[in-house]
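Quick notes on the structure that follows.
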Amino acid sequence: MSLRTTRRLRAAALSVAAGVTLAGLAATTSGATAAPAGAAADGPPSTPVPISTPDGVVSAYVVNAKQANPGQTRLLERAVRASGGVVVQSWPQIGVVIAHSDRASFRDDVRRLGGNAVESVGATRTVPVTEGTPDGVPAPWGPGKGQIRKSRQSPQRDDTESTVTASDPRESEQWDMKMIKADQAHAITDGSRNVVVGILDSGIDPDHPDLAANIDLADSVNCTDGGRPDTSPTGWYPTTSDHGTHVAGTIGAARNGVGIVGVAPNVRMASVKVVNDDGFIYPEYAVCGFIWAGSHGMDVTNNSYYVDPFEFYCEDQPDQYAAKEAVRRAVAWSTDQGVVHAAAAGNSAYDLANKTTDEGSPDDGTAVPRTLNNGCQDIPTELPGVVTVSSLERFPTTSLENRLSSFSNRGLGVIDVAAPGSRILSTIVAGNGYGLKSGTSMASPHVAGVLALMKSVHPDWTPAQMVAKLRAQADDHPCVVATAGAPCVGTDADNSYYGEGVVDALDAVQ
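Heads up: the sequence shown runs through residues -34 to -1, 1 to 476, numbered per mature numbering (1 follows the signal peptide of the UniProt record, and there is no 0).
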């Protein structure tokens, strides 16, 4: 199963298979607060989507402190317990507590009992907790309580044309590497073993011959156990999806005479599993993934997804605001630790700079058609400091000319760079083979790979420096009309389709 066949793997893999305005890197979260939920948004109020949390049903929550410090985090923990909840995971470095509770009044009680220490609290899902409360977390309702849902295909649109092939060299078929000049960059460097890319996804096939040598076992983790890091030896393995394995091949398939070659074939990759067996990436999973990357010294993360259950999180809705704020803090903190992030722009053929409506959220329950405003964002792709990547297709198929993929999101001032994302050959789990997938999920790892090459050559560069250089070095792309007829606006140097242009691996290493 690939990460979402609906708009959800939205950012991801359309087999044919999630972007941000670089408004500057976010400030450190210590002492920082955002506008309170319910404040006036840029545009009309968004449509409310109430999340029901009835008594007797275990629901998941995020609680954000006004100050990101251990003292206020402990106050939140006490408020959670006094409100009939359990603390699943605390992140004092960003002032965030992940909690479970089976009480309908939990949110109101935490606000009341937490007093001035509480900045925001919100439910992170519209359905009960499916994975149960993690082992080692005493819960009055007992382990595993909740409705177990059937596995589903994840939203990163995946037209999954995966095809298993024999393990013989396929580098000549990798037109995508030629388009971004990765083949020329490899004459200078294949990347450094000191560089680690965290792949926040569905797991990486541990024994694929093109990947095994480059997997960083010590830094791999599973974040889908309620958002609490699971460091068991096999927790980060793929279970229901080969999406992460495909992404990993594009970033770092080894140069070993087998199969394909990644953009940065000598760097290491850590599997940071944030996709559960139902195909969802909930806010607490993403928070865990970003904090893990920052605390374990990773250099780059790839994020080919959008955070469920909302394609767009709206500032004027309390639950959505709290979840978005927790993820924003995690991204900002990890950036402060030196991690640079690439993310898929999404597969809804949507103009992210002019949001109007959303028909598909929440995607873990009953979707509610809703009106959006510009306070509604696709996360993590539209968070500060994240590189938003749109997708290119090879057109015509006999050359290296390109145009925007028909499924790709766009947006003037939102898209940073573009990269190949249609019919990309990479590693898959089945038969330890290779297959074609399409989506902005496939475009983003090309950029993550280029950032890894850049970090290999310039180890002292900060995330801000790397993002600035990536944008400046991108090859300008004319603002032309796509097949779908969606208007391209802007200039050849910066437009709604390609941002500042096609990512350039050769320039990154020179």
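Glycine included, every Cβ here is placed at the ideal spot set by N, Cα and C.
Spatial distance of residue i from residue j (CA atoms)
i: P231; j: T332; result: 43 Å
i: T322; j: N339; result: 6 Å
i: A434; j: V87; result: 35 Å
i: A396; j: I390; result: 16 Å
i: S462; j: I257; result: 31 Å
i: R336; j: R221; result: 48 Å
i: D460; j: L472; result: 20 Å
i: G218; j: P11; result: 44 Å
i: V229; j: A148; result: 6 Å
i: F278; j: Q343; result: 5 Å
i: V334; j: T205; result: 30 Å
i: D244; j: V161; result: 31 Å
i: D196; j: D458; result: 46 Å
i: P453; j: L378; result: 11 Å
i: Y316; j: A48; result: 44 Å
i: P444; j: L318; result: 20 Å
i: V455; j: Q55; result: 44 Å
i: I381; j: R194; result: 32 Å
i: T90; j: P14; result: 15 Å
i: W299; j: Y271; result: 20 Å
Where residue i falls: helix, strand or coil (DSSP)
i: W299; result: helix
i: K321; result: coil
i: A474; result: helix
i: E359; result: strand
i: R40; result: helix
i: H174; result: coil
i: P287; result: Going by the sequence as given, residue 287 is Tyr instead of Pro. If DSSP states are grouped into helix, strand and coil, Y287 belongs with the helices.
i: R336; result: strand
Contacts around residue i, its chain only, beta-carbon distance under 7 Å, and the 5 residues preceding and following it disregarded
i: W107; result: V24 and D68
i: A105; result: V52, H66 and T99
i: T155; result: L419, S422, V423 and V475
i: N320; result: none
i: P172; result: A178, I181 and Y203
8 Å CB neighbourhood of residue i in its chain, flanking five on each side removed
i: R159; result: N232, V233 and R234
i: T428; result: G304
i: residue 494; result: With the chain represented from -34 up to 476, any question about residue 494 goes unanswered, as that position is not in the structure.
Neighbourhood of residue i by C-beta, 6 Å cutoff - its chain only, sequence neighbours within 5 removed
i: S374; result: S356, S357 and T406
i: W57; result: I257
i: S388; result: E359, S371 and S404
i: I17; result: A89, T92 and D285
i: A409; result: V355, S357, A385 and G387
i: D75; result: S49
According to DSSP, residues forming a beta bridge with residue i
i: T393; result: Y400
i: M235; result: V163 and I181
i: Q55; result: I64
i: Y279; result: Q343
i: V352; result: H307
Cβ-Cβ separation, residue j to residue i (assumed contact under 8 Å), whole Å
i: E250; j: V28; result: 6 Å
i: D167; j: V241; result: 6 Å
i: P275; j: P328; result: 4 Å
Any non-hydrogen atom of the ligand SAH closer than 7 Å to residue i Cβ
i: K403; result: Inclusion of the ligand SAH in the displayed structure is not the case, the ligand content being empty and no account of it being possible.
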